[in-house]
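In my numbering, the protein residues as written are 743 to 897.
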(Lines of atoms letter the chains of each structure in order from A and count residues from 1; the text may use other names and numbers.)
(Lines give C-alpha, C1' and ligand atoms only; values in the text may rest on other atoms or scores of the structure.)
Protein backbone atom coordinates (compact mmCIF):
# COMPACT_ATOMS: atom_id res chain seq x y z
CA UNK A 1 0.00 0.00 0.00
CA UNK A 2 2.76 2.45 0.90
CA UNK A 3 4.59 1.60 -2.35
CA UNK A 4 1.45 2.40 -4.32
CA UNK A 5 1.08 5.78 -2.61
CA UNK A 6 4.75 6.63 -3.27
CA UNK A 7 4.40 5.55 -6.90
CA UNK A 8 1.25 7.62 -7.26
CA UNK A 9 2.97 10.69 -5.77
CA UNK A 10 5.93 10.25 -8.14
CA UNK A 11 3.61 9.94 -11.14
CA UNK A 12 1.61 13.02 -10.10
CA UNK A 13 4.87 14.97 -9.65
CA UNK A 14 6.10 13.94 -13.11
CA UNK A 15 2.75 14.81 -14.67
CA UNK A 16 2.73 18.21 -12.95
CA UNK A 17 6.28 18.93 -14.18
CA UNK A 18 5.28 18.02 -17.76
CA UNK A 19 2.19 20.23 -17.64
CA UNK A 20 4.22 23.11 -16.17
CA UNK A 21 6.89 22.66 -18.84
CA UNK A 22 4.25 22.68 -21.62
CA UNK A 23 2.72 25.84 -20.17
CA UNK A 24 6.12 27.54 -20.00
CA UNK A 25 6.89 26.46 -23.57
CA UNK A 26 3.63 28.05 -24.74
CA UNK A 27 4.46 31.19 -22.74
CA UNK A 28 7.86 31.39 -24.48
CA UNK A 29 6.24 31.03 -27.91
CA UNK A 30 3.70 33.73 -27.07
CA UNK A 31 6.48 36.15 -26.02
CA UNK A 32 8.43 35.50 -29.23
CA UNK A 33 5.34 36.02 -31.40
CA UNK A 34 4.63 39.29 -29.61
CA UNK A 35 8.30 40.29 -29.74
CA UNK A 36 8.33 39.93 -33.52
CA UNK A 37 5.03 41.80 -33.95
CA UNK A 38 6.26 44.68 -31.77
CA UNK A 39 9.64 44.66 -33.54
CA UNK A 40 8.03 45.04 -36.97
CA UNK A 41 5.72 47.75 -35.63
CA UNK A 42 8.62 49.51 -33.89
CA UNK A 43 10.65 49.77 -37.07
CA UNK A 44 7.62 50.86 -39.10
CA UNK A 45 6.61 53.59 -36.63
CA UNK A 46 10.22 54.29 -35.60
CA UNK A 47 9.30 53.78 -31.95
CA UNK A 48 10.85 50.93 -29.97
CA UNK A 49 9.35 51.86 -26.58
CA UNK A 50 6.68 49.11 -26.72
CA UNK A 51 9.48 46.49 -26.94
CA UNK A 52 9.89 46.79 -23.18
CA UNK A 53 6.70 44.71 -22.84
CA UNK A 54 8.61 41.64 -24.04
CA UNK A 55 12.31 42.54 -23.91
CA UNK A 56 14.74 43.56 -21.21
CA UNK A 57 15.64 47.24 -21.06
CA UNK A 58 19.16 46.47 -22.34
CA UNK A 59 17.87 44.52 -25.33
CA UNK A 60 15.17 47.07 -26.16
CA UNK A 61 17.87 49.77 -26.03
CA UNK A 62 19.96 47.86 -28.61
CA UNK A 63 16.93 47.70 -30.89
CA UNK A 64 16.35 51.43 -30.41
CA UNK A 65 19.97 52.19 -31.42
CA UNK A 66 19.62 50.11 -34.59
CA UNK A 67 16.35 51.84 -35.49
CA UNK A 68 17.94 55.23 -34.79
CA UNK A 69 20.94 54.38 -36.99
CA UNK A 70 18.56 53.57 -39.84
CA UNK A 71 16.74 56.86 -39.19
CA UNK A 72 19.99 58.82 -39.29
CA UNK A 73 20.52 57.30 -42.74
CA UNK A 74 17.00 58.46 -43.67
CA UNK A 75 15.82 54.85 -43.87
CA UNK A 76 12.67 53.36 -42.36
CA UNK A 77 12.16 49.61 -42.40
CA UNK A 78 8.89 47.78 -42.85
CA UNK A 79 8.83 44.05 -42.27
CA UNK A 80 6.37 41.20 -41.99
CA UNK A 81 6.89 37.82 -40.35
CA UNK A 82 5.36 35.33 -42.77
CA UNK A 83 6.23 32.09 -40.98
CA UNK A 84 7.94 30.90 -37.83
CA UNK A 85 8.87 27.36 -36.87
CA UNK A 86 10.03 26.59 -33.37
CA UNK A 87 12.86 24.09 -33.70
CA UNK A 88 13.73 23.80 -30.02
CA UNK A 89 12.92 25.35 -26.66
CA UNK A 90 15.11 24.47 -23.70
CA UNK A 91 15.40 25.60 -20.12
CA UNK A 92 19.15 25.50 -19.35
CA UNK A 93 18.76 27.13 -15.93
CA UNK A 94 15.99 28.09 -13.56
CA UNK A 95 14.15 31.11 -14.99
CA UNK A 96 16.16 30.96 -18.24
CA UNK A 97 15.03 29.71 -21.65
CA UNK A 98 16.53 29.39 -25.11
CA UNK A 99 14.36 29.13 -28.20
CA UNK A 100 15.65 28.32 -31.68
CA UNK A 101 13.46 29.26 -34.62
CA UNK A 102 13.43 29.36 -38.37
CA UNK A 103 11.65 32.49 -39.59
CA UNK A 104 10.56 33.75 -42.99
CA UNK A 105 10.35 37.52 -43.36
CA UNK A 106 9.53 40.06 -46.03
CA UNK A 107 11.10 43.47 -45.53
CA UNK A 108 11.71 46.70 -47.35
CA UNK A 109 13.64 49.89 -46.68
CA UNK A 110 12.07 53.24 -47.53
CA UNK A 111 13.53 56.70 -47.83
CA UNK A 112 12.02 58.66 -44.94
CA UNK A 113 11.83 61.93 -46.87
CA UNK A 114 10.49 60.72 -50.21
CA UNK A 115 8.81 57.44 -49.26
CA UNK A 116 10.68 55.78 -52.14
CA UNK A 117 11.34 52.06 -51.69
CA UNK A 118 15.12 51.49 -51.59
CA UNK A 119 15.29 47.72 -51.05
CA UNK A 120 12.79 44.92 -51.09
CA UNK A 121 13.43 41.40 -49.81
CA UNK A 122 10.90 38.58 -49.98
CA UNK A 123 10.94 35.26 -48.13
CA UNK A 124 14.20 35.97 -46.32
CA UNK A 125 15.00 33.10 -43.93
CA UNK A 126 16.51 33.78 -40.53
CA UNK A 127 17.69 31.03 -38.18
CA UNK A 128 17.27 32.73 -34.81
CA UNK A 129 18.19 32.00 -31.21
CA UNK A 130 16.26 33.82 -28.50
CA UNK A 131 17.51 33.96 -24.93
CA UNK A 132 14.83 34.71 -22.37
CA UNK A 133 14.84 35.35 -18.66
CA UNK A 134 11.90 35.12 -16.32
CA UNK A 135 11.56 38.23 -14.17
CA UNK A 136 8.67 38.62 -11.75
CA UNK A 137 6.74 35.74 -13.40
CA UNK A 138 7.18 37.32 -16.85
CA UNK A 139 9.40 36.05 -19.67
CA UNK A 140 11.55 38.74 -21.33
CA UNK A 141 13.83 38.44 -24.34
CA UNK A 142 17.35 39.36 -23.23
CA UNK A 143 19.26 38.56 -26.42
CA UNK A 144 18.60 37.51 -30.01
CA UNK A 145 21.17 36.17 -32.44
CA UNK A 146 20.94 35.00 -36.00
CA UNK A 147 22.86 31.84 -36.94
CA UNK A 148 26.48 32.76 -37.52
CA UNK A 149 26.25 36.03 -35.61
CA UNK A 150 28.05 36.73 -32.37
CA UNK A 151 26.19 39.91 -31.47
CA UNK A 152 22.50 40.71 -31.16
CA UNK A 153 20.58 40.56 -34.39
CA UNK A 154 18.50 43.54 -35.34
CA UNK A 155 16.31 42.63 -38.26
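All C-beta atoms, glycine included, are put in the ideal place defined by N, C-alpha and C. If you're wondering where the values come from, they're calculated on a predicted model, not measured in any experiment.
Taking residue i as the reference, give the member of the options with the closest Cα.
{"i": "residue 794", "options": "854, 763, 776", "result": "776"}
{"i": "residue 866", "options": "806, 804, 888", "result": "888"}
{"i": "residue 778", "options": "811, 860, 812, 805", "result": "805"}
{"i": "residue 864", "options": "886, 854, 811, 850", "result": "850"}
{"i": "residue 873", "options": "801, 860, 861", "result": "801"}
{"i": "residue 789", "options": "858, 820, 861", "result": "820"}
{"i": "residue 856", "options": "815, 809, 886, 868", "result": "815"}
{"i": "residue 811", "options": "770, 854, 771", "result": "854"}
Tell me whether the beta-carbon of residue i lies closer than 8 angstroms to the beta-carbon of residue j.
{"i": "residue 817", "j": "residue 767", "result": "no"}
{"i": "residue 834", "j": "residue 842", "result": "no"}
In chain order, what residues of the same chain have a beta carbon less than 7 angstroms from the beta carbon of residue i, not counting five sequence neighbours either side?
{"i": "residue 837", "result": "875, 876"}
{"i": "residue 829", "result": "842, 843, 844"}
{"i": "residue 869", "result": "844, 888, 889"}
{"i": "residue 770", "result": "831, 839, 841, 874, 881"}
{"i": "residue 860", "result": "817, 851, 852, 853"}
Can you grab the Cα-Cα spacing for the pair residue i / residue j, in whole Å?
{"i": "residue 774", "j": "residue 852", "result": "26 angstroms"}
{"i": "residue 785", "j": "residue 878", "result": "28 angstroms"}
{"i": "residue 803", "j": "residue 764", "result": "31 angstroms"}
{"i": "residue 974", "j": "residue 772", "result": "No statement about residue 974 is possible, as the shown extent of the chain runs from 743 to 897 and does not include it."}
{"i": "residue 871", "j": "residue 787", "result": "25 angstroms"}
In chain order, what residues of the same chain lie with their CB nearer than 8 angstroms to the CB of residue i, ignoring the 5 residues before and after it?
{"i": "residue 792", "result": "780, 783, 784"}
{"i": "residue 813", "result": "788, 854"}
Counting Cβ pairs, one atom from each stretch, are 3 or more of them under 8 angstroms apart for the stretch 806 to 825 and the stretch 844 to 853? yes
Original post:
Is it a yes or a no for the stretch 871 to 885 touching the stretch 793 to 813, going by three-plus beta-carbon pairs under 8 angstroms?
Top reply: yes
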